[in-house]
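K.L.:
In our numbering, the protein residues as written are 10 to 377.
Cβ coordinates follow ideal geometry from the N, Cα and C atoms, glycine included.
What follows is a single structure, and I will ask about it in a moment.
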Ligand SMILES: [Zn+2]
Ligand SMILES: [Zn+2]
């Protein structure tokens with residue numbers, strides 16, 4: 010006789026939840042998975058009605074499931090959010106171009122507006138051209154630094170209040186371990202927070218903070234979601250790889266290890282008398298940075314001067330400080346535009362077409 014679902018005791022159990030070891034049916038799995046994400050959102054007060062929320066969408070399983078679940082919960086519980094898909098095109102042929110095709114299909118499937126920002130457009134360098142210049146060894150450093158800023162810049166273009174990313178519980182636990190191993194206490198504090206404020210006012214959060222990677226894969230599979238599953242063609246982050254391997258071993262012995270690590274990380278506090286680096290703005294591009302020149306600008310300068318090791322090796326202090334007009338103008342303009350739009354938006358009614366990305370305030374005048 011087939012085993013019945015531990016929750017409804019009615020349908021046949023087809024999945025065993027890694028998180029709780031319950032054997033449950035498909036419908037109950039969807040229900041508990043979605044409800045847990047909803048509870049995370051509500052308990053952390055992540056959104057308020059009318060928020061413009063961008064879903065960082067790569068076409069991979071985490072962000073595809075996130076887009077689906079955000080759309081579902083927004084409809085089901087009337088969050089009142091304007092949802093957008095926001096993708097970064099790093100310019101990696103055979104990888105990102107294919108995964109972006111997936112995002113374009115998701116746009117149609119979920120009926121959400123999509124904005125793609127590219128490294129080429131923002132920095133004048135694609136990852137393919139960066140790898141051609143620096144080789145494969147350090148390219149992930151460039152990609153990580155550039156991606157974070159690219160999302161913020163895309164968010165400014167869409168005048169978003171909030172970016173959600175598909176980081177799951179496994180990612181958060183790995184990051185906590187990495188920061189403990191490195192003794193990086195300022196990052197340790199930030200990485201356990203469900204929401205952080207990035208570029209001035211754009212909040213960034215992880216609604217899947219407590220969702221196990223295995224369950225996200227199961228969810229994508231059982232819902233038959235359309236996602237892209239190839240790994241990046243350039244080398245993976247080696248240090249994270251060690252943390253991941255260690256976490257997988259822990260999980261094998263004790264499945265709750267992932268949540269235990271997150272809860273431990275949340276309970277750690279930096280003593281009051283410990284000096285943390287203060288955050289300021291980059292003198293070149295205006296991005297938030299603990300140095301006078303942000304990491305992306307240091308890396309870009311190295312690329313442009315033909316010394317790509319700049320910012321990777323310890324020579325970043327050698328960079329002559331001082332704003333560079335062209336960079337400053339570019340980002341500052343985006344910021345000003347966004348602030349302008351925000352002001353206008355606050356003073357008048359929003360465009361009545363909820364899916365409209367035009368940000369027209371009068372509603373019909375400019376809105377096509
Ligand atoms: Zn059931
Ligand atoms: Zn900068």
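Sort 185, 145 and 103 by Cα distance to residue 253 and report the nearest one.
P.N.:
As a position in the chain shown, residue 253 is number 244, starting the count at 1. It is 185.
K.L.:
In chain order, which continuous runs of the alpha helix (DSSP H) of length 4 or greater are located wholly inside the region 224-293?
P.N.:
247-262 and 266-276, all fully within the region 224-293.
K.L.:
Would you tell me roughly how many angstroms separate the C-alpha atoms of residue 364 and residue 91, rounded to the nearest one?
P.N.:
As a working mapping, residue 364 is identified with position 355 in the chain shown. As a working mapping, residue 91 is identified with position 82 in the chain shown. Because residue 364 carries a pLDDT of 40, less than 50, the predicted location of this residue cannot be relied on, and no value is offered for it.
K.L.:
With DSSP collapsed to three states, give me the class of residue 174.
P.N.:
Here residue 174 corresponds to residue number 165 of the chain shown, with the count starting at 1. Coil at residue 174, not helix or strand.
K.L.:
Going by DSSP, what residues sit across from residue 91 in a beta bridge?
P.N.:
As a working note, residue 91 is residue 82 in the chain shown. BP columns for residue 91 point to 61.
K.L.:
Measure the alpha-carbon distance for residue 143 versus residue 308 and round it to whole angstroms.
P.N.:
Along the chain shown, one-based indexing puts residue 143 at 134. Along the chain shown, one-based indexing puts residue 308 at 299. Roughly 11 Å between the two C-alpha positions.
K.L.:
Mind checking which residues open and close the alpha helix (DSSP H) that includes residue 160?
P.N.:
Counted from its first residue, the chain shown places residue 160 at position 151. 148-166 is the extent of the alpha helix (DSSP H) around residue 160.
K.L.:
Can the beta-carbon of residue 175 be found less than 7 Å from the beta-carbon of residue 268?
P.N.:
The count along the chain shown starts at 1 and reaches residue 175 at position 166. The count along the chain shown starts at 1 and reaches residue 268 at position 259. Contact flag unset, no.
K.L.:
Is the beta carbon of residue 68 closer than 7 Å to that of residue 111?
P.N.:
If you number the chain shown from 1, residue 111 lands on position 102. If you number the chain shown from 1, residue 68 lands on position 59. Closer than 7 Å, so yes.
K.L.:
So what's residue 98 in DSSP terms, helix, strand or just coil?
P.N.:
Here the question's residue 98 lines up with position 89 in the chain shown. Strand at residue 98.
K.L.:
Whose C-alpha, out of 256, 71, 311 and 200, is nearest the C-alpha of residue 237?
P.N.:
Here residue 237 refers to the residue found at position 228 when the chain shown is read from its first residue. The shortest Cα separation from residue 237 among 256, 71, 311 and 200 belongs to 71.
K.L.:
If you draw a straight line from the C-alpha of residue 173 to the C-alpha of residue 99, how long is it?
P.N.:
To locate residue 173, count along the chain shown from 1; it is residue 164. To locate residue 99, count along the chain shown from 1; it is residue 90. Approximately 19 Å between the Cα atoms of the pair.
K.L.:
Residue 201 and residue 274 - do their beta-carbons sit closer together than 7 Å?
P.N.:
To locate residue 274, count along the chain shown from 1; it is residue 265. To locate residue 201, count along the chain shown from 1; it is residue 192. Result yes, Cβ atoms of residue 274 and residue 201 sit closer than 7 Å.
K.L.:
Please identify the residue among 140, 101 and 211 whose C-alpha is closest to the C-alpha of residue 161.
P.N.:
The sequence position of residue 161 within the chain shown is 152, counting from 1. Closest option to residue 161, Cα to Cα, is 211.
K.L.:
Can you tell me whether residue 20 sits near ligand 1, meaning its C-beta is under 6 Å from at least one heavy atom of the ligand?
P.N.:
Here residue 20 refers to the residue found at position 11 when the chain shown is read from its first residue. Yes, the Cβ of residue 20 comes within 6 Å of a heavy atom of ligand 1.
K.L.:
Sort 51, 187 and 97 by Cα distance to residue 82 and report the nearest one.
P.N.:
Translated into positions along the chain shown, residue 82 becomes position 73. With distances taken between Cα atoms, residue 82 lies closest to 51.
K.L.:
I'd like the list of long-range same chain contacts for residue 214, defined as Cβ closer than 8 Å, with 5 residues on each side in sequence excluded.
P.N.:
Counting from one through the chain shown, the residue named residue 214 turns up at place 205. These residues qualify, in order along the chain: 53, 55, 171, 172, 173, 174, 203, 204 and 205.
K.L.:
Applying the criterion that 16 or more other CB atoms from any shown protein chain within 10 Å of the CB defines a buried residue, is residue 12 buried or exposed?
P.N.:
Reading the chain shown from its first residue, position 3 is the one you call residue 12. Burial call: exposed.
K.L.:
Provide the residue span of the alpha helix (DSSP H) that contains residue 72, from first to last.
P.N.:
In the chain shown, counting from the first residue as 1, residue 72 sits at position 63. Where residue 72 is concerned, the enclosing alpha helix (DSSP H) stretches over 70-85.
K.L.:
Under the criterion of a Cβ to heavy atom distance below 6 Å, does residue 293 qualify as lining ligand 2?
P.N.:
As a working note, residue 293 is residue 284 in the chain shown. Yes.
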